[in-house]
Amino acid sequence: MKKMAKITLRITLVGVLSGLCYVSLFLFNFSQGNIQWGVTFSKPFAEKLGLDWREAYTAVLDDLGVRQVRVNTYWDGIERQEGIYDWNDYDWQITEAAKRGASVVLIIGRRTARWPECHDPSWIRSLTEEQKREKVLAILKKEVEHFAKYDNIGMWQVENEPLLTLFGECTGISREFLEREVAIVRTLDARPIMVTDSGELSTWLHTGSAGEDVLGTTLYKRVWNPYIGHVSYVIPPVYYTARAWLLEKFYGTRVIISELQGEPWGARQKELDKLTLAEQFTSFDLRRFQKTLAFAPKTGFTEGYLWGVEWWYWLKTTQNNPAFWNEAKRLF
72 MKKMAKITLR ITLVGVLSGL CYVSLFLFNF SQGNIQWGVT FSKPFAEKLG
122 LDWREAYTAV LDDLGVRQVR VNTYWDGIER QEGIYDWNDY DWQITEAAKR
172 GASVVLIIGR RTARWPECHD PSWIRSLTEE QKREKVLAIL KKEVEHFAKY
222 DNIGMWQVEN EPLLTLFGEC TGISREFLER EVAIVRTLDA RPIMVTDSGE
272 LSTWLHTGSA GEDVLGTTLY KRVWNPYIGH VSYVIPPVYY TARAWLLEKF
322 YGTRVIISEL QGEPWGARQK ELDKLTLAEQ FTSFDLRRFQ KTLAFAPKTG
372 FTEGYLWGVE WWYWLKTTQN NPAFWNEAKR LF
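In this note's numbering, the protein residues as written are 72 to 403.
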């Protein structure tokens with residue numbers, strides 16, 4: 072009995088010490104001062120919420136005061152018919168940003184932000200995978216050639232989380248193909264290139280060394296799991312900081328927050344616009360938003376792009392709830 076008691080005591084002590092060591096990781100604060108904040112904007116998502124997307128975008132620039140915008144392009148909106156291109160909506164967004172002295176990170180390629188991740192025009196469905204890849208390279212080249220005339224594009228983002236295959240209606244992108252895409256953009260324009268990855272579901276080993284200048288990471292604190300429901304990540308800042316240090320040390324790749332959670336994660340596999348207001352706030356309320364904003368600087372990142380600006384505007388203009396909008400406004 073005494074031997075068993077000693078073993079139990081040792082196991083308990085190891086468990087307690089391990090727990091204390093883990094908790095102590097949250098005490099490390101790598102903040103380098105205020106983060107330079109921007110937002111991500113998606114025209115189709117604004118429309119899905121029933122918003123006038125131009126009005127919403129203008130409010131982001133004028134009322135919120137954003138001066139760094141991560142703008143999505145969507146292949147199915149640019150090349151609805153093969154070989155016929157419509158750049159108008161994207162030209163407008165970049166031009167309006169330029170009028171106000173705002174810089175743009177332009178997301179280009181096949182897989183860009185928001186569901187279903189890959190935004191394929193219908194005409195590529197009948198093509199083989201090899202033919203699709205060639206068309207992706209072709210649209211990527213067209214996009215850079217068209218948008219290169221805008222001086223306020225500060226950085227190109229090639230694809231969005233291209234190697235993350237856990238969700239999205241996409242054919243997987245290989246590391247080799249991603250490197251080809253980055254190389255093509257590099258030959259066409261001298262501006263920095265960003266590739267993005269999950270901060271919670273990836274090691275960054277493959278994406279962080281694909282030839283880009285910047286790796287953009289997601290930072291989420293509250294997600295939905297189909298088996299256990301809502302899950303809050305208990306991850307210390309050093310988890311992000313240490314990996315960022317290694318990437319910069321060995322590959323010269325700078326890391327920023329490309330997507331900081333600022334909206335609910337759809338429960339029961341439903342998209343945000345299909346959730347009730349109660350479901351939305353169960354997933355992500357103002358308190359969680361404030362805690363996420365307080366956590367982000369502790370990672371030591373100096374630049375970040377908030378996710379959810381369309382939702383904040385929807386809450387403000389249709390639900391008489393400006394709390395998220397006003398909270399974010401303090402950052403700009």
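C-beta: ideal position from N, C-alpha, C; glycine also.
Which listed residue (LEU235, VAL326 and GLU150) has its alpha carbon closest to that of PRO263 | Nearest of LEU235, VAL326 and GLU150 to PRO263, Cα basis: VAL326.
Starting from the Cα of ASN100, find the closest Cα among PHE366, ILE165, PRO393 and TRP186 and give me that residue.
-> Measuring from the Cα of ASN100, the nearest candidate turns out to be PHE366.
Apply the 10 Å Cβ neighbour rule to ASN143 and answer buried if 16 or more other Cβ atoms are within range, or exposed otherwise.
-> The residue is buried, with at least 16 neighbouring Cβ atoms inside 10 Å.
Okay, do the stretch 294-304 and the stretch 199-212 touch, 3+ Cβ pairs below 8 Å being the bar?
-> In short, these stretches do not touch, since the Cβ pair count stays below three.
Have a look at GLY337, ARG358 and GLN332 and flag the residue whose alpha-carbon is nearest the alpha-carbon of SER269.
-> Per the C-alpha coordinates, the member of GLY337, ARG358 and GLN332 positioned closest to SER269 is GLN332.
Can you list, in chain order, the residues of its chain whose CB lies under 8 Å from that of TYR156, leaving out five sequence neighbours each side?
-> Cβ neighbours of TYR156 beyond the five flanking positions: ILE149, GLU150, LYS213 and HIS217.
Three-state secondary structure (DSSP) at TYR322?
-> The three-state secondary structure of TYR322, taken from DSSP, is helix.
Residue range of the beta strand (DSSP E) that SER102 falls in?
-> Secondary structure note for SER102: it is in no beta strand (DSSP E), with a DSSP letter that is neither H nor E.
Under three-state DSSP, which class holds GLY287?
-> If DSSP states are grouped into helix, strand and coil, GLY287 belongs with the strands.
Identified DSSP bridge partners for ARG293 | Under the DSSP definition of a beta bridge, ARG293 partners with SER303.
So is ARG185 buried or exposed if we call it buried at 16+ other beta carbons inside 10 Å?
-> With 16 or more other CB atoms across the displayed protein chains lying within 10 angstroms of its CB, ARG185 is buried.
Look at the Cβ atom of GLY239, then the Cβ atom of GLU188, and state whether they are nearer than 8 Å.
-> Cβ atoms of GLY239 and GLU188: closer than 8 Å.
Could you tell me whether the stretch 280-294 touches the stretch 339-348, using the rule of 3 or more Cβ pairs below 8 Å?
-> With a cut-off of 8 Å, the stretch 339-348 and the stretch 280-294 do not count as touching, because too few Cβ pairs lie within range.
Residue environment, TYR376, which counts as buried when at least 16 other CB atoms sit within 10 Å = Around the Cβ of TYR376, a 10 Å sphere holds 16 or more other Cβ atoms; the residue is buried.
Exposed unless 16 or more other CB atoms sit within 10 angstroms - verdict on ASN397 = Per the 10 Å Cβ criterion, exposed.
Just to confirm, are SER329 and THR288 a CB contact at a threshold of 8 Å?
-> It is a contact, given that the beta carbons lie within the stated cut-off.
Just the Cα atoms here: how many angstroms apart are VAL85 and PRO307?
-> Note that VAL85 has pLDDT 33, beneath the 50 cutoff, so the model's placement of it is unreliable and the number below is only indicative. In a straight line, the C-alpha of VAL85 is about 20 Å away from that of PRO307.
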